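Under the working numbering, think of the first position of the sequence shown as 4, with each following residue one higher. The next block holds one structure in the form of structure tokens; read it before the comments.
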Amino acid sequence: EERGPHACSITGLTHLAGLTRVTSDILQELDPSQPAGLGKGVSLSHTGKKRRMLLWVLVLLILCGFLWNYKGQLKITDITDKYIFITGCDSGFGKLAAKTFDKKGFRVIAACLTESGSRALKAETSERLHTVLLDVTDADHVKRTAQWVKNHVGEKGLWGLINNAGVLGVLAPTDWLTVEDYREPIEVNLFGLINVTLNMLPLVKKARGRVINVSSIGGRLAFVGGGYIPSKYAVEGFNDCLRRDMKAFGVHVSCIEPGLFKTELSDPVKSTEKKLAIWKHLSPDIKQQYGEDYIEKSLSKLKVTTTSFLNMDLSLVVECMDHALTSLFPKTRYAAGKDAKTFWIPLSHMPTVLQDFLLLKQKTELANPKAV
Ligand SMILES: NC(=O)c1ccc[n+]([C@@H]2O[C@H](COP(=O)([O-])OP(=O)(O)OC[C@H]3O[C@@H](n4cnc5c(N)ncnc54)[C@H](OP(=O)(O)O)[C@@H]3O)[C@@H](O)[C@H]2O)c1
């Protein structure tokens with residue numbers, strides 16, 4: 004990485020030459036009638052030709068894979084004069100990202116929601132890192148912060164904007180909820196993210212930099228009721244429009260889709276408390292349909308899901324942010340976490356009938372769905 008793109012190209016070309024030599028040897032092995040140097044005036048049997056064609060296709064695929072991988076390893080230089088702004092740095096991915104990128108040499112501006120979060124982060128980072136207090140749902144606050152960032156970064160502009168702040172809101176079956184239950188996650192995760200982006204965009208355009216939106220596998224598959232999933236689906240839509248609109252300005256836009264990670268947001272105790280508070284105020288009709296032991300049964304399901312899916316290593320998400328910030332060719336989407344890579348994202352490409360089958364199997368059974 005430190006050796007820069009040229010060193011990388013030389014290593015890449017050496018590998019490529021090696022690969023071509025090996026291919027030639029394999030072909031020679033498979034078809035000894037063929038001289039080394041391939042395809043010079045020797046007629047081949049039909050099956051021989053077919054075999055060679057298949058082999059070339061295979062080689063082409065390997066080459067494409069190799070080039071794709073190689074392209075992903077090319078890095079930008081001069082990290083130390085680049086400013087990045089991250090929201091939601093009090094805890095979780097945001098805090099780890101602020102610490103990691105500060106250590107790496109970026110000029111980090113970390114937005115925290117609380118004074119205590121900001122103090123704790125300051126205590127663990129270098130003097131280069133600046134914290135600002137920011138509630139992404141407060142439009143005036145966002146405007147003032149963008150003005151402060153503009154003065155701070157000057158002509159350099161903003162290399163990276165990482166939209167990370169988010170809340171879970173209430174997760175519960177849809178017919179338990181009111182429209183108010185949807186408001187908070189949509190305000191924070193969607194409108195907050197859009198407003199921060201719109202205010203910072205001129206600075207990112209100036210640096211021909213990067214916007215990184217932290218979405219979720221919940222932006223690809225709807226597996227639970229509440230405002231979180233609609234907010235993340237909308238983030239994906241906003242992300243894609245932004246990516247295409249910013250292309251002409253040389254601004255890369257990437258979306259990160261983490262699976263389930265152990266952070267404050269995913270704390271099962273907190274989400275169960277919220278669900279219980281809603282359950283207490285449900286009508287007797289709904290309680291009868293779902294059954295008095297519904298919460299208990301859904302808790303044991305939640306335990307199984309949590310133990311089989313939960314990722315403990317938050318750095319997997321920060322590595323995706325890192326690639327999106329420092330690669331010469333950032334990806335448009337990053338899946339983070341084993342569950343996201345092996346289950347959620349592949350499932351999101353499957354037919355709806357299969358998605359419904361697998362996701363419904365994970366739902367808690369209702370006691371009397373016909374008692375309506
Ligand atoms: N953990 C997961 O399993 C998971 C999976 C997929 C996606 N994500 C996404 O990852 C992002 C980070 O979440 P996390 O898991 O790291 O959870 P987290 O530790 O709770 O971090 C969320 C951060 O956002 C801050 N925040 C909340 N409301 C805010 C507001 N109105 N304005 C500004 N900041 C606000 C929180 O501040 P306080 O700590 O002071 O409340 C906290 O610092 C979120 O967008 C989340 O949707 C998480």
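Every residue, glycine too, gets a C-beta built ideally from N, C-alpha and C. The structure displayed is predicted, hence computed values, not measured ones.
Give the range of the beta strand (DSSP E) segment to which Arg-223 is assigned.
-> For Arg-223, no beta strand (DSSP E) segment is defined, and its DSSP state is neither H nor E.
Go ahead and pull the three-state DSSP assignment for Leu-174.
-> coil
Nearest neighbour of Asn-314, chosen from Thr-103, Leu-279 and Asp-270 [CA to CA] = Asp-270
If you draw a straight line from the alpha carbon of Glu-276 to that of Lys-304, how long is it in whole angstroms?
-> 16 Å
Is the CB-CB distance between Leu-136 and Ala-113 below 8 Å?
-> no
For the alpha helix (DSSP H) holding Arg-147, just list the boundary residues, first then last.
-> 142–156
Top-ranked residue by Cα proximity to Val-139, from Lys-98, Glu-130, Glu-127 and Cys-92 = Cys-92
How is Thr-428 classed by DSSP in three states: helix, strand or coil?
-> Outside the shown range of the chain, which is 4 to 375, sits residue 428, and nothing can be said about it.
Which of the three DSSP states, helix, strand or coil, is assigned to Arg-211?
-> DSSP places Arg-211 in coil when its eight states are reduced to three.
For Met-56, which residues of its own chain have a beta-carbon under 8 Å away from its beta-carbon, when the five flanking residues on both sides are left out?
-> none
Jot down the residue ranges of each uninterrupted alpha helix (DSSP H) in the segment 59–124, minimum 4 residues, whole runs only, in chain order.
-> Counting only runs that start and end inside the segment 59–124, the alpha helix (DSSP H) elements of at least 4 residues fall at 95–107.
Among the residues of its own chain, which have a CB less than 6 Å from the CB of Gly-157, if the five just before and after it don't count?
-> none
Whole angstroms is fine: what's the gap from Leu-201's alpha carbon to Lys-334's?
-> Cα to Cα, the separation comes out at about 22 Å.
Can the beta-carbon of Ala-168 be found less than 8 Å from the beta-carbon of Met-324?
-> Contact check for Ala-168 against Met-324 fails: the beta carbons are separated by 8 Å or more.
Do Leu-263 and Phe-312 have their CB atoms nearer than 8 Å?
-> Yes; because the gap between Cβ atoms is below 8 Å, this pair is in contact.
Would you check if the distance between the CB atom of Val-170 and the CB atom of Glu-187 is smaller than 8 Å?
-> yes
Measuring CB to CB, does Leu-328 end up less than 8 Å from Ile-215?
-> yes
Between which two residues does the beta strand (DSSP E) harbouring Ala-338 extend?
-> 336–339
Is Ile-82 closer than 8 Å to Lys-106 when the C-beta atoms are compared?
-> no
Sequence-distant residues of its chain with Cβ nearer than 8 Å to Gly-75 (five each side left out) | His-326, Ser-330, Phe-332 and Lys-334
Is Gly-230 near ligand 1, going by C-beta to nearest heavy atom under 7 Å?
-> no
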